[in-house]
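**Q** This is the structure I want to talk about, given as structure tokens.
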Amino acid sequence: MDLFSTPAAPLVDDEQGGIRYLRDFAGPGQAQSWFEALRQHTDWSHQRRPMYDRVVDVPRLLASYQIDALPPHLPLAEMLGHVHAQAPAPYTTVGLNLYRDGSDSVAMHNDKLHTLVPGNPIALVSLGHPRRMLIRGKSGTCHSIAVELEPGSLLVMSHVSQLTHEHGIHKTTRPFGQRISVVFRVRPPDWKE
DNA sequence: GAAGGTCAAGCGCA
DNA sequence: CTGCGCTTGACCTT
Numbered sequence: 006m007d008l009f010s011t012p013a014a015p016l017v018d019d020e021q022g023g024i025r026y027l028r029d030f031a032g033p034g035q036a037q038s039w040f041e042a043l044r045q046h047t048d049w050s051h052q053r054r055p056m057y058d059r060v061v062d063v064p065r066l067l068a069s070y071q072i073d074a075l076p077p078h079l080p081l082a083e084m085l086g087h088v089h090a091q092a093p094a095p096y097t098t099v100g101l102n103l104y105r106d107g108s109d110s111v112a113m114h115n116d117k118l119h120t121l122v123p124g125n126p127i128a129l130v131s132l133g134h135p136r137r138m139l140i141r142g143k144s145g146t147c148h149s150i151a152v153e154l155e156p157g158s159l160l161v162m163s164h165v166s167q168l169t170h171e172h173g174i175h176k177t178t179r180p181f182g183q184r185i186s187v188v189f190r191v192r193p194p195d196w197k198e
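Residue 148 in my numbering is what sits at position 143 of the first sequence, and the numbering runs on without skipping anything.
Here it is, written out as structure tokens:
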């Protein structure tokens, strides 16, 4: 897969817009200032999971907010405005992930459909150090698509693409700086975080 | 309520 | 050196 293909061409196509990568969603200065603000002022939380006979840290830091209760000291409302211009939807929550270095990751997965309102996209803004995301179809030929998620880029994934494809960010032993992803979603009315 | 999927780290092997 | 596939278990979804 060509990593530098035209941003306008969907990586995956379907009747809801597929998966689109917009590299120049925000300028470098904008992306840098968002990154700094979020990294320093977000109330990051740490989760732990059982693994064999011990409990291990989930390999990334997490935070989430309701759109109607965004902390004023974070640039999330401004970011939401930009997202609305590119991928309009009645977003209700924003989730943040901080990948501290190359050993932070997410396993291949798809977003849980029952936590999303059908027909609405998921909008993922990347900040900080670029990381490579792998996208893989769940049926038939399992060829993977690699996307370099650059700072200031926006990845828009349709609702149905969560049915047909899974995505993840692999660990690497090579040195990597910090990356933050900011994910806007449309949750059902009764959604509890 | 039972069954099946998720998702984490480390090891062995190619 | 690098990347993969396999493993267990608590919790979640079907």
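For every residue, glycine included, the Cβ atom is placed at its ideal position computed from N, Cα and C.
Model, not experiment: these values are computed from the prediction.
Quick one: measure Cβ to Cβ for GLY124 and HIS164, integer angstroms, because I've assumed they're closer than 8 Å.
**A** With a Cβ gap of about 6 Å, GLY124 and HIS164 count as contacting.
**Q** Can you give me the Cβ contacts of ILE72 inside the same chain, cut-off strictly under 6 Å, excluding the 5 residues immediately before and after it?
**A** Closer than 6 Å at the Cβ level, and outside the excluded window around ILE72, lie TYR96 and THR97.
**Q** Does the Cβ of HIS114 have 16 or more other Cβ atoms within 10 Å, making it buried, or fewer, making it exposed?
**A** Exposed, by the Cβ-count rule.
**Q** If we ignore side chains and look at the alpha-carbon of each, how far apart do LEU103 and GLY23 end up?
**A** Distance between the alpha carbons of LEU103 and GLY23: 25 Å.
**Q** So, at 6 Å on beta carbons, what are the nonlocal neighbours of PRO194 in its own chain, with the 5 sequence-adjacent residues on each side left out?
**A** Result list for PRO194: empty, nothing under 6 Å.
**Q** Pull up the distance between the alpha-carbon of ASP18 and that of GLN35, whole angstroms please.
**A** Straight-line Cα distance between these residues: approximately 29 Å.
**Q** Roughly how many angstroms separate the alpha carbons of ARG190 and VAL99, rounded to a whole number?
**A** Approximately 6 Å between the Cα atoms of the pair.
**Q** What first and last residue would you give for the beta strand (DSSP E) that runs through GLN183?
**A** Counting along the chain, GLN183 falls outside any beta strand (DSSP E), and DSSP gives it neither H nor E.
**Q** Report yes or no: do the region 74-88 and the region 35-45 share at least 3 C-beta pairs separated by less than 8 Å?
**A** Short answer: they touch.
**Q** In terms of residues, what are the limits of the alpha helix (DSSP H) holding GLY133?
**A** Segment 127-133 is the beta strand (DSSP E) holding GLY133; no alpha helix (DSSP H) there.
**Q** Name the two residues that bound the continuous beta strand (DSSP E) containing HIS114.
**A** From DSSP, the beta strand (DSSP E) with HIS114 extends over 111-114.
**Q** List, from N- to C-terminal side, the alpha helix (DSSP H) runs of 4 residues or more that fit wholly inside the region 46-110.
**A** Entirely contained in the region 46-110, the alpha helix (DSSP H) runs reaching 4 residues are, in chain order, 81-91.
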